[in-house]
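Trainee: Handing you a structure now.
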Amino acid sequence: MSTQPVTQCCNLGPVRRGAIVRITLIGVVVAIILTLVAVLIPWLPDSASKQMDRIEFIYWFATVISIAIFALVMAVLLYCVYKFRSPPEDESDGPSIHGHTGLEIAWTVVPAILVIAIGVISAVVLSQNGDKGSNPMTVRVFAQQFSWRFEYPDNKGVKSYELVMPLDRNITFELESADVIHSFWIPAMGQKQDVVPGIHTSIVITPTRLGNYTLICTELCGLGHATMRAPASVVTQDDFAAWVKKKQSSAGGGGGSGKALFASAGCGSCHAFTPAGSDGAIGPKLDNVAADAKKAGEDPAEYVKESIVDPDKVLAPGFQAGVMPGSFSDTLSPQEIDALVSFLTAGSQ
Ligand code: CUA
């Protein structure tokens, strides 16, 4: 058997032009495949805010760098695996080699520059995305297991269980939690911020696209976490003014429909109630709440009202104290509580 000549692979002696051409070709093919995966699959939701535009820029900046580095490494690796493979019966060790100072400096300095560039751009975007700008509009956000509530101090103090945002305004969200840590996130708006009991956190969003979105709680906060969502919409500034006016005129009146409140205040996340079409199983089923009141010798309306404002006073069998928030008498207006009570007593037996 003839002895194999020692292959001059790794001491980077004379590298032939043919090898460089082949490595470059492999790199281009790998880069094209990766680019197609990055571009053709919708990894991110379509941006609906200025902040999300900036966040998307960082994603693409980092993705382009990653594709280039990955393609280079894979090209050299694939070429070497094929070109310098050993014949099946060759079990000898490869030649012992020492490092290559120039190459080591290059593969330390180039990635360091790229990582620093990503860090600097991220810091700039973080600072821009935290900038309230001039004349911001404030929306106060109250989170509790398992619902969201909004107050508009700059717009006559209007209160709402749906988030309505005017187009192209810098909106500062002031976040408060009544119980545990929640997290405020509208995916298409990019920004995400924890809502922590005891401290005030805030976040800025400038909506740039009309439409309906969903505010999602993205911090595991208890059994109803997955259902802790609120409708969020972006409307024109005229439509926003009209919405504020409508909200303001209805605030002192009926308090809204009980059915709408049941959904928006998050009742359906925990309670099954046929007229509301909800099937939550964290709290007691409410279809027989009027009958239960009569059995206990109480007026159904009083019984339901007490269960909303002081939920731990009388517990349904099999359910624990401290699960339902006791804060609804603060977060709902008396009119809203009355609307809920009539919805519940009318819809149950
Ligand atoms: Cu609130 Cu998860």
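Sequential numbering from 2 applies to the sequence shown in this note's numbering.
Built from N, CA and C at the ideal position, the CB exists for glycine as well.
In or out: Q354 buried (at least 16 other Cβ within 10 Å) or exposed?
Mentor: Coverage of the chain is limited to positions 2 through 350, which leaves residue 354 absent and any answer about it impossible.
Trainee: Just to confirm my understanding: we take L35, look at its own chain, exclude 5 residues before and 5 after, and list those with CB closer than 6 Å. What are they?
Mentor: I68
Trainee: Who are the Cβ neighbours of M53 in its own chain at under 6 Å, not counting the five residues just before and after it?
Mentor: M190 and G191
Trainee: Comparing C-alpha positions only, which one of I309, G298, V74 and S97 sits nearest to F263?
Mentor: I309
Trainee: Nearest to R141 by alpha carbon, out of G223, A322 and K160?
Mentor: Of the candidates G223, A322 and K160, the residue whose Cα lies closest to the Cα of R141 is K160.
Trainee: If we call anything under 9 Å between Cβ atoms a contact, is M1 one with F329?
Mentor: This structure cannot settle anything about residue 1, because the visible part of the chain is limited to 2 through 350.
Trainee: Within 10 angstroms of its Cβ, does H99 collect 16 or more other Cβ (buried), or is it exposed?
Mentor: That one is exposed.
Trainee: May I ask you to check if the CB of M166 is nearer than 8 Å to at least one heavy atom of ligand 1?
Mentor: Look at M166: its beta carbon is at least 8 Å from all of the heavy atoms in ligand 1.
Trainee: Taking 8 Å as the cut-off, does the CB of L37 come closer than this to any heavy atom belonging to ligand 1?
Mentor: No, Cβ of L37 sits at least 8 Å from all heavy atoms of ligand 1.
Trainee: Taking only runs of the beta strand (DSSP E) that begin and end inside the region 227-284, which ones reach a length of at least 3 residues, in chain order?
Mentor: Counting only runs of 3 or more residues that sit fully inside the region 227-284, the beta strand (DSSP E) segments are 230-236, in chain order.
Trainee: Would you call the region 309-326 and the region 278-298 in contact, with 3 or more CB pairs under 8 Å?
Mentor: With the cut-off at 8 Å, the region 309-326 and the region 278-298 touch.
Trainee: If you check the beta carbons only, do L211 and V235 fall under 9 Å apart?
Mentor: yes
Trainee: Considering Cα atoms alone, identify which of F174, L37, C81 and G259 is closest to T64.
Mentor: L37
Trainee: Please classify N130 as buried or exposed, where buried requires at least 16 other C-beta atoms within 10 Å of its C-beta.
Mentor: buried
Trainee: Beta carbon of A118, beta carbon of F62: below 9 Å?
Mentor: Yes, the pair counts as a contact, with Cβ atoms nearer than the cut-off.
Trainee: Leaving out the 5 sequence neighbours to the left and right, which residues in its chain are closer than 6 Å to A1 when beta-carbon positions are compared?
Mentor: The question about residue 1 has no answer here: the residues shown for the chain are numbered 2 through 350.
Trainee: Candidates S50, D195, F174 and D180: which alpha carbon is nearest P137's?
Mentor: F174
Trainee: For the beta strand (DSSP E) that contains P167, what are its first and last residues?
Mentor: L164 to P167
Trainee: Cβ of I316 versus every heavy atom of ligand 1: is any distance shorter than 8 Å?
Mentor: It should be noted that the sequence gives Leu, not Ile, for residue 316. Every heavy atom of ligand 1 is 8 Å or more from the Cβ of L316, so no.
Trainee: What separation, rounded to the nearest whole angstrom, lies between the Cα atoms of E152 and A233?
Mentor: 14 Å
Trainee: Taking DSSP as the reference, what is the three-state secondary structure of I206?
Mentor: Strand at I206.
Trainee: Sorry if obvious, but does the Cβ on V181 come closer than 8 Å to a heavy atom of ligand 1?
Mentor: yes
Trainee: Here's the rule: buried if 16 or more other CB atoms are within 10 angstroms of the residue's CB, otherwise exposed. What is S349?
Mentor: Result: buried.
Trainee: Would you say G319 touches ligand 1, meaning its beta carbon is less than 8 Å from a heavy atom?
Mentor: No, the Cβ of G319 stays beyond 8 Å of every heavy atom of ligand 1.
Trainee: Whole angstroms is fine: what's the gap from L168's alpha carbon to A49's?
Mentor: 10 Å
Trainee: K160 lies in the beta strand (DSSP E); which residues open and close that run?
Mentor: V159 to S161
Trainee: Using DSSP with H/G/I as helix, E/B as strand and the rest coil, what is Q146?
Mentor: It is coil, neither helix nor strand.
Trainee: Taking 9 Å as the cut-off, decide whether the C-beta atoms of C222 and W186 are in contact.
Mentor: no
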